[in-house]
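For reference, the structure is listed below as structure tokens.
Number of protein chains: 2
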Amino acid sequence: MRFTLKQLQYFVATGETGSIKLASERLNISQPSISSAISHLERDLGVQLFVRHHAQGLSLTSAGHRVLREARALLLQANGIYDVANETTNLVRGHLALGCFVTLAPMIVPELCHRFQEKHVEVQVHPIEGDHEALMAQLRKVDLDVVLTYDLQIPDGVTFEALATLPPHVLVSADHPLADRSSIALSELDGEPLILLDLPFSREYFLSIFYHEGLSPKIHARSRQQEVVRTMVANGYGYTLANVRPRNLTTLDGRTLKQIPLEGEHRPMKIGIATLAQERKPRLLQAFEEHCRAMITNGGVPGMQ
Amino acid sequence: MRFTLKQLQYFVATGETGSIKLASERLNISQPSISSAISHLERDLGVQLFVRHHAQGLSLTSAGHRVLREARALLLQANGIYDVANETTNLVRGHLALGCFVTLAPMIVPELCHRFQEKHVEVQVHPIEGDHEALMAQLRKVDLDVVLTYDLQIPDGVTFEALATLPPHVLVSADHPLADRSSIALSELDGEPLILLDLPFSREYFLSIFYHEGLSPKIHARSRQQEVVRTMVANGYGYTLANVRPRNLTTLDGRTLKQIPLEGEHRPMKIGIATLAQERKPRLLQAFEEHCRAMITNGGVPGMQ
DNA sequence: TGTTTTTGATAAATATTATTTGCGGATTGT
DNA sequence: ACAATCCGCAAATAATATTTATCAAAAACA
């Protein structure tokens, strides 16, 4: 690959006008530039492209005709790269890899994605669930385009935009003595066994609520799966804390949970969208962010009470 | 078109290796060169192609993926231009515009072309007839690739290669007093009416034969068409000179001619192939020249006695 | 926690390449 | 014969790519 697109461009202009002079006027370039570009091309391709007629222009050889056709096609395709680039900045089309925090995914993702694809038929959303740490790592590797998660640890180069605030709640079984309260103070649970959702950063968040009040919870069990935690709580093995408020408070084994607001001032969790800090975001990404802003607000979050 | 093929090449290597360092090793280019090429591309396309991970390579953005696909295709097509160029220097294929002197064409062209296309199925020969002057002009404009003609005026930039020698003959009607002679001297025809084939350069050639012997012919008629000249001669309106020796000496109106060698030393006509003086002739042209050399010799010319 | 290694960005120096200006030769048309 | 046109060539200049050297950030390791 020794020739350049510029040389091809000069060659095509000359081939089409049949004259270096005319080509130079068309391109606003001096004649010797074009002359040398053509010479370079001929030397590089090992083919004579023109027959020179002194003071009377040039004629394409048969090889020149063939190369001209190819060169035109190549220049056209080269211009196409601008279109491809512009498409990503202007069109809402293509694939979008959406990361979502595991405990949020079942409630939010189905409606969010469905609605978005309804609006934009040429878009394919690929949802992927994970814990906060894993999602952030994938976002940075650009394995994900956008992540729905909480305002936990946000690494450098990632922007987080909060959309809805979720205050912490207590989850107890329907048989629990406090089950019918309209709110519960953390101190009232002191000594009772805690079932802890054991995910990176989430774990630390829940424990920080206790430490903040000078309490130290008695961790009875841990699980990385929200549904396991809920089932244990529903069966009376302990209580847990959660920010999400699923509409359905019946566990998979048929038991019932109660979700009760936590009394006092505690740092709430904020659902938001995390993206890479890019100067020029693809139009598709912008549109999805806009979609999230409209659907996820303090007035309501898909799938939640 | 502000980017270059080189920049695309660097970008593709980086996209494929996921690292500027590795790309620089693969291309034997310094790392800053690649870095700047990518920056240039990003600025030019107005799209972020990579997300940089400090000390841990780069990841393609979604736009980057798309551009990478296009860039690869473009580089492939660019390489294809070399193939197209090589094809014309290596393959016997495509179209060949063959010019042939009018009076030679009916005898030579049919067999010559047929045989050549028989040997090379992928070749299309396009024969065009004309006088010497017109043929040379078309050859110079590269409207013709090769011309079969006589060794008359050969312009600059055109090469002529003689293949067969045709001495001049006298043509008279079968009733002519000299019809049964085995040779005729020009002086014997002095005073008789000459029917002249009136084509550029041919005209001058025939007259020069007379002038050379100090004779001045009595031109009774002229025609640009050989067949008209022959018919006039066959009808006894005069005699003519010719170099071609067609097998058929009967004219279109059914009369018979006699063709008798001219006595003495006269400059003969030489049939040959005229081509543009190129340093690198296309393979197709070379093959056709070779074909002509084999078929047109002093030992025989297609269609002639 | 500090040190080393890896890797990309940046700056200045250098090498390479493209471009222009100016001139000469060849051809055409008046 | 003359001017006008147009291509090629050479030297000067401008623009660009490349390298060398250095820095900064992050990861890996002790």
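The listed protein sequences derive, respectively, from chains A and B. Letter by letter, the first sequence follows residues 11 to 315 in our numbering. Letter by letter, the second sequence follows residues 11 to 315 in our numbering. Backbone N, C-alpha and C fix where the C-beta goes; we use that ideal spot for every residue, glycine too.
Approximately 5 Å separates the beta-carbon atoms of T250 (chain A) and L181 (chain A); this is inside 8 Å, confirming the contact.
If you draw a straight line from the Cα of D190 (chain A) to the Cα of Q127 (chain A), it is about 41 Å long.
With a threshold of 8 Å between beta carbons, S69 (chain B) makes contact with chain A. Setting aside the 5 residues that flank it on each side, S226 (chain A) is surrounded in the same chain by F220, each with a C-beta closer than 7 Å to its C-beta; the list follows chain order. Short of 6 Å from the beta carbon of P203 (chain B), and not among the five residues preceding or following it, lie these beta carbons of its own chain, in chain order: K228, H230, G248.
A distance below 8 Å separates the beta carbons of T99 (chain A) and G56 (chain B). Per DSSP, reduced to three states, the secondary structure at P271 (chain B) is strand.
Interface criterion met: the Cβ of A81 (chain A) is under 8 Å from a Cβ in chain B.
The C-alpha of L86 (chain A) lies about 57 Å from the C-alpha of A252 (chain A). When DSSP assignments are scanned along the region 58-135 of chain B, the uninterrupted stretches of alpha helix (DSSP H) that are 4 or more residues long and fall wholly within it turn out to be 72-100, 115-129. Under the 8 Å criterion on CB atoms, A184 (chain B) is classed as non-interfacial with respect to chain A. Just so you know, the alpha carbons of S29 (chain A) and L68 (chain A) end up roughly 6 Å apart. Residue-level contact check: Q127 (chain B) does not touch chain A, since none of the beta carbons of chain A fall below 8 Å from its beta carbon. Below the 7 Å Cβ cutoff, chain B contributes no neighbours of G140 (chain A), its closest Cβ being approximately 17 Å away.
Under the three-state reduction of DSSP, K291 (chain A) is assigned to coil, being neither helix nor strand. Bridge partners of T24 (chain B) according to DSSP: none are assigned.
Contact annotation: the region 142-156 of chain A does not touch the region 18-35 of chain B, with fewer than three C-beta pairs closer than 8 Å. At a cut-off of 8 Å between C-beta atoms, V94 (chain B) counts as an interface residue with respect to chain A. Take R36 (chain A), set aside five residues on each side of it, and the residues of its chain with a beta-carbon closer than 7 Å to its own are A23, T27, in chain order. Taking CB atoms only, G104 (chain A) has a neighbour in chain B less than 8 Å away. Interface flag for P292 (chain A) against chain B is set, since a Cβ pair is found closer than 8 Å. Sequence-distant partners of H130 (chain A) (beyond 5 residues in either direction) whose C-beta falls short of 6 Å from its own C-beta, in its chain, are V102. Burial is judged here by how many other beta carbons sit within 10 angstroms of a residue's own beta carbon; Q41 (chain A) has fewer than 16 and is exposed.
Q19 (chain B) counts as buried, since at least 16 other C-beta atoms from the protein chains shown sit within 10 angstroms of its C-beta. In this structure, G309 (chain A) lies away from D161 (chain A), with their beta-carbon atoms at least 8 Å apart. Look at A73 (chain B): its C-beta is under 8 Å from a C-beta on chain A.
Contact between G313 (chain A) and R257 (chain A) holds: their C-beta atoms lie close to 7 Å from each other, under 8 Å. With fewer than 16 neighbouring CB atoms inside 10 Å of its own CB, P187 (chain B) falls in the exposed class. Annotation: M117 (chain A) to N89 (chain B) spans about 52 Å, alpha carbon to alpha carbon. DSSP places V243 (chain B) within a helical segment (H, G or I) once states are collapsed to three. Positions of the beta strand (DSSP E) runs, each at least 3 residues long and wholly inside the region 158-206 of chain B, are given as 168-176, 179-183 in order along the chain.
The contact set of Q288 (chain A) on chain B, defined by CB atoms closer than 7 Å, consists of Q58 in chain order. Using a CB distance cut-off of 8 Å, H230 (chain A) does not count as an interface residue toward chain B. For L251 (chain A), the enclosing beta strand (DSSP E) covers residues 250-252. Residue-level contact check: V77 (chain B) touches chain A, since one or more beta carbons of chain A fall below 8 Å from its beta carbon. The shortest CA-to-CA distance from E97 (chain B) to any of A:L108, A:E80, A:Y92, A:H105 is the one to A:E80.
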